[in-house]
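One structure below.
There are 2 protein chains.
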Amino acid sequence: MTTRNVLWIMCDQLRFDYLSCYGHPHLRTPNIDALAARGVRFTRAYVQSPVCGASRMSYYTGRYMRSHGANWNGFPLRIGEPTLGDHLAKLGVRNVLVGKTQMQPDTEGMRRLGIDPGSSLGVQIAECGFEPYERDDGLNPDQAPRVPYDDYLRVQGFDAANPWQQWANAADGPDGKLLSGWLLEHADKPARVPEQHSETPYMTRRAMQFIGEAELDGRPWCLHLSYIKPHWPYIVPQPYHAMYDAAHIVPPVRSQQERRDPHPVYAAFMAARVSRNFSRDQVRQRVIPAYMGLIKQIDDQIGVLMRFLAERELLNSTMIAFTSDHGDYLGDHWLGEKDLFHDCSAKVPLIVVDPSPEADPTRGTVSEALVEAIDLAPSFIRYFHGEPKSHVLEGRALQPLLHAETGVDWRRYVFSEYDYAMMSARRTLGTPVDASRLFMVFDGRWKYIHAVGFRPMLYDLQTDPEELHDCGADPACDAECGRLKDALLAWSLRDHNRITMPDARIAAYTEASQLESGFVIGFWDQAELDAARQP
Amino acid sequence: MTTRNVLWIMCDQLRFDYLSCYGHPHLRTPNIDALAARGVRFTRAYVQSPVCGASRMSYYTGRYMRSHGANWNGFPLRIGEPTLGDHLAKLGVRNVLVGKTQMQPDTEGMRRLGIDPGSSLGVQIAECGFEPYERDDGLNPDQAPRVPYDDYLRVQGFDAANPWQQWANAADGPDGKLLSGWLLEHADKPARVPEQHSETPYMTRRAMQFIGEAELDGRPWCLHLSYIKPHWPYIVPQPYHAMYDAAHIVPPVRSQQERRDPHPVYAAFMAARVSRNFSRDQVRQRVIPAYMGLIKQIDDQIGVLMRFLAERELLNSTMIAFTSDHGDYLGDHWLGEKDLFHDCSAKVPLIVVDPSPEADPTRGTVSEALVEAIDLAPSFIRYFHGEPKSHVLEGRALQPLLHAETGVDWRRYVFSEYDYAMMSARRTLGTPVDASRLFMVFDGRWKYIHAVGFRPMLYDLQTDPEELHDCGADPACDAECGRLKDALLAWSLRDHNRITMPDARIAAYTEASQLESGFVIGFWDQAELDAARQP
């Protein structure tokens, strides 16, 4: 049997609708579209939290945010939280990282359990269960730990105290002045770094290097190629910086009505600096062409990577997943960044190419099934012939959908969470740190958002697909709100921590097993006991 | 300053109302009453799950069952779950065990993290953060690992293959036959072991040995003296076996109405063997006098222990807590054992003696505050001048109540959970393993029980203090049910796993800290950035 592998490509902050296969009218992404033609394109895939850190910890553990507890960027993943790497290791599969995870290790927990962060186990824990072939979270200001990419740039002759900041994240200004890529006004300028040495091609090459070495190694692998882009800083090298202009910008999805009497939490997010800036046409016109250029570059690199896999004859044995950790408002709904649950933020592109013959019937098809980011980890485990542990992994393997199995009883709701305690919105609203929480329940039509301490928000995506009308305060929607609140309660009451006891062991427990272990509970006399012991 | 210590006495399966200070009409418990006279007696203390293992893991972690995930007896406590011992160690306090914990170590998790179960750290983890001076879970059938008490009995001349089973848990029958203490019909007979060598005095002596040794050691300690009794097997040595008879038995709290159209989950528990047996007067009359004798013996031993502490002049520096891990139906409500949420099961006695002068105003008083078992761990930490971490410990230190502080904003609801997947009730009902769950919300008057997949149960303890009338199906109670369901939702949506990030660090995070770390998000140009950087 051929060795099976998984190539799991993740973009960062890539909206679901900025790919041609997802309907963008001007951005052509033929290489990603080709993946969709070979696999299943999911149109209702949601992340478990629309922010990098929390979303990724859900992807990497297969568990909801409330289960892994790493609620936001920089919140360490608690020690002992089982990761995809732990599950794959049991199957003899290497779980390898090239790129970003935003993992923050639980050093206090490691100390408590006497684990040396420098040991190979310590590194694996610190890297969220990945073997870090190349770890780079992509945001490397002076204060951040240095990354190998810095050294790479230096070797190529791009020397500087902080090569990332001064070459990859800067443009040339007049009089030899550097223009910072952190500032939105510079998004139309080319990054100083030549394209072939920018981050996306660099990471693609690192992935190919790994794949080449892994061929010699022989063990199966799951490679997480985790591109930093099109996440800000919005700056891209030439020629990508000039490929798109105002004519290619999709108009913002927003209405004046949204600003009249909005939900208080929504209002607080609209009041944030990034939202105010992205609500200005000037900002959108400067930034969106760069955002599109960054995506186009990724698409080109995926073309390089696919040709590489084809040459090595790996396409028939490699499951390929392409997705993102969340979207980007880009001024839609008068918002910038991500964080809330409109589709452009909480919904992501997801394409899965399963090379198995069982998946032949679904090639090139579109699935509207309600899919969660946590479904990928169990799907990979299943691809490697493992059995995902349902008491640990809260997602569902996608194979029944990929293989067009009949009679599949799929989930009826997707859930997503957001902890805004670290955001300016918390200060605007004056909400307590432990009560600054939002929860999304979406049933395919109604999107209900439970806001702790406030009324809910509600959108009917059937009549209002652009999510411009929040009917959470409309008494006519009370019944929908009640139904979805009940679904939220049912979900939140589910076990999130019973990770040491599998369902099967519980199901097998009977009075007979109790008696076998010597425990005699509630029997009156020997006769009653003897009767119970009869087979 | 005198070294402070904590003596934390726990009984197992002791109902709240089988002590004279809690109103039992026939059972005199003067030594426990004396504790109440010196401290605060709580009349609304509830456990987080009415079953040994789950309740104890909540006591030992200060966290709800849904947080620690050890839902039932024998479910391992997940590796990395912080325990009281972890918190006390940071304060230089020894956390010491004499008796029962029912801790099951997460050996799979230990393997995953490379922790040797034989190392001192491994032992501490395996013992739930305790230094096991004497570990004995009290149920020692032939199949169980042997305990030091076995050797003790042998040294005293009570030799046998299983001394616990053959001496402590057996009575002499006719013709030299052993009568098993596991069987209820033998509860009226004296255990074969002489009283001074039975488990309760043995554990008391072990506690005193520890205290004596600790005096030489000098470090402060928290000693968990965890009696196995009055948990079944219901058998007690003489003279305690004959102290009580039918005249001393409180009539059962039950009504025929309870058996007419009961809630399906309640019905399934009534149908269990132990419930059917305890619904027979013969069983109650045989068992309850033994149960009372076991309690009387504990009370006498607490007298021994208190005299020991007084002689050593430790009473003025030692906080003493006396409680239980859950109650015992004893035939009330047509039920045996514990598991459901009637007061005789989910409510426990709780007496806290705080020797600090600040507690002088409350000595001998009664508190009706809504108290949870998870409040003890933070109370102990506070007694040792520590600051309980609110993002880890979900209980609240009791000191504001013990010190009669004014303006205390105490909790308005207590919560308890039950996972009945391991019970015969699950088979009776045919509920899925992961949906066999009950949740109690009690506000001091209304006790609401959310039963996944069924209608709720509801009791009004103001008009129905004996909990004989379930009004959960009465439309007149819909508003109460709705209000309490909302409280349940709010509770279940709270963070249960954000244990790596303290509230204070989150509260301190601002745009300024973001800029200091080099992240520039959403700024248009340098002027805007400079303005934000102005102090």
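One line per chain: the protein sequences are A and B, in this order. Residue numbers for the first sequence follow our numbering, so the first one is 57 and each next one is one higher. Residue numbers for the second sequence follow our numbering, so the first one is 57 and each next one is one higher. We put the CB at the ideal spot given by N, CA and C, even for glycine.
### Minimum length 3: unbroken beta strand (DSSP E) runs contained in the region 486-537 of chain B
493-498, 502-507 and 513-516
### Task
List the residues of chain A that I171 (chain B) touches, going by C-beta distances under 9 Å, in chain order.
L169, G170 and I171
### Message
For a test of the three-state rule: what should DSSP assign to M479 (chain A), helix, strand or coil?
### Response
In the structure shown, M479 (chain A) falls within a coil segment according to DSSP collapsed to helix, strand and coil.
#### Entry: Nearest residue (CA-CA) to S401 (chain A), options A:V360, A:Y474 and A:Q338
A:Y474
### Query
Under 9 Å between the Cβ atoms of T256 (chain B) and I354 (chain B)?
yes
### Task
Residues of the region 361-394 of chain A with a CB closer than 9 Å to any CB of chain B: list them in chain order, please.
Hits within the stretch, in order: G392 and E393.
### Query
If you run the structure through DSSP and keep just helix, strand and coil, what is R275 (chain A)?
coil
### Query
Got a sec, what are the start and stop residues for the alpha helix (DSSP H) C400 (chain A) sits in?
D399 to A402
### Query
Taking buried to mean at least 16 other C-beta atoms within 10 Å of its own C-beta, is F131 (chain B) buried or exposed?
buried
### Query
Hey, is T484 (chain B)'s beta-carbon within less than 9 Å of any beta-carbon in chain A?
With 9 Å as the cut-off, T484 (chain B) does not count as an interface residue toward chain A.
### Query
So with Cβ pairs under 9 Å, would you call S197 (chain A) a contact of chain B?
According to the sequence provided, residue 197 (chain A) is Pro. The question's Ser does not apply to it. Answer yes: the Cβ-Cβ gap between P197 (chain A) and chain B drops below 9 Å somewhere.
#### Entry: Whether V103 (chain A) touches S380 (chain A) by CB criterion (9 Å)
Yes.
### Query
Between which two residues does the alpha helix (DSSP H) harbouring S111 (chain A) extend?
Where S111 (chain A) is concerned, the enclosing alpha helix (DSSP H) stretches over C108 to T117.
### Query
At a Cβ cut of 7 Å, what residues of the region 229-247 of chain A count as close to chain B, listed as they run along the chain?
For the region 229-247 of chain A, the set of residues with a beta-carbon nearer than 7 Å to any beta-carbon of chain B comprises W238, L239, L240 and E241, in chain order.
### Message
Tell me the DSSP secondary structure of M375 (chain A) in three-state form.
### Response
strand
### Message
Any C-beta of chain A within less than 7 Å: which residues of the region 320-342 of chain B qualify?
### Response
R329, V330, N333 and V339
### Task
Would you kindly check if the distance between the Cβ of L426 (chain A) and the Cβ of D499 (chain A) is under 9 Å?
Yes; because the gap between Cβ atoms is below 9 Å, this pair is in contact.
### Task
Could you name the residues of chain A that H143 (chain B) contacts, counting a contact when the two beta carbons are closer than 7 Å?
Ordered by position in chain A, no residue passes the 7 Å Cβ test against H143 (chain B), which lies about 11 Å from the chain.
### Message
Give the list of continuous alpha helix (DSSP H) stretches no shorter than 4 residues that lie fully inside the region 429-478 of chain B.
### Response
432-439 and 455-458
### Query
Just curious, the alpha helix (DSSP H) that F364 (chain B) is in, first and last residue?
That run of the alpha helix (DSSP H) goes D337 to E367.
### Task
Give the DSSP bridge partners of V152 (chain B), in chain order.
B:E187 and B:L279
### Query
Residues in the region 556-580 of chain A with C-beta within 7 Å of chain B's C-beta atoms, listed in sequence order?
T556, M557, D559, I562, A563, Y565, E567, S573, G574, F575, V576, I577, G578, F579 and W580
### Query
Between E241 (chain A) and the rest of its own chain, which residues show a CB-CB distance below 7 Å, the 5 nearest in sequence each way excluded?
R342
### Task
Locate the alpha helix (DSSP H) running through R329 (chain A), then write down its first and last residues.
R329 to F334
### Cβ-based contacts, 8 Å cut-off: residues of the region 533-559 of chain B near chain A
K541, L544, L545, A546, S548, L549, R550, D551, H552, N553, R554, I555, T556, M557 and D559
### Message
Classify M57 (chain B): buried if its beta carbon has 16 or more other beta carbons within 10 angstroms, exposed otherwise.
### Response
A caution first: M57 (chain B) carries a pLDDT of 49, below 50, which makes its placement in the model unreliable, though a value can still be read off. Result: exposed.
### Task
Reducing DSSP to helix, strand and coil, say where D581 (chain A) ends up.
coil
#### Entry: The beta strand (DSSP E) enclosing M557 (chain A), as first and last residue numbers
M557 (chain A) -> no beta strand (DSSP E), and no H or E assigned at all.
### Message
Using 8 Å as the cut-off, can you tell me whether the region 109-124 of chain A makes contact with the region 420-437 of chain A, which would need three or more C-beta pairs spanning the two stretches below that distance?
### Response
yes
### Query
CA-CA distance, A328 (chain A) and D395 (chain A)?
Separation of A328 (chain A) and D395 (chain A) (C-alpha to C-alpha, rounded to the nearest whole angstrom) is 12 Å.
### Pairwise C-alpha distance: R191 (chain A) and G141 (chain A)
15 Å
### Message
For H398 (chain B), would you say it is in contact with chain A, using Cβ-to-Cβ distances shorter than 9 Å as the test?
### Response
no
### Within chain B, the residues that R150 (chain A) reaches when beta carbons sit closer than 8 Å
Chain B residues near R150 (chain A): none, gap ~17 Å exceeds 8 Å.
### Task
Could you have a look at L545 (chain B) and say whether DSSP puts it in helix, strand or coil?
helix
### Task
To the nearest angstrom, report how far apart T99 (chain A) and R438 (chain A) are at their CA atoms.
22 Å
### Query
Residues in the region 465-480 of chain A with C-beta within 7 Å of chain B's C-beta atoms, listed in sequence order?
A477, M478 and S480
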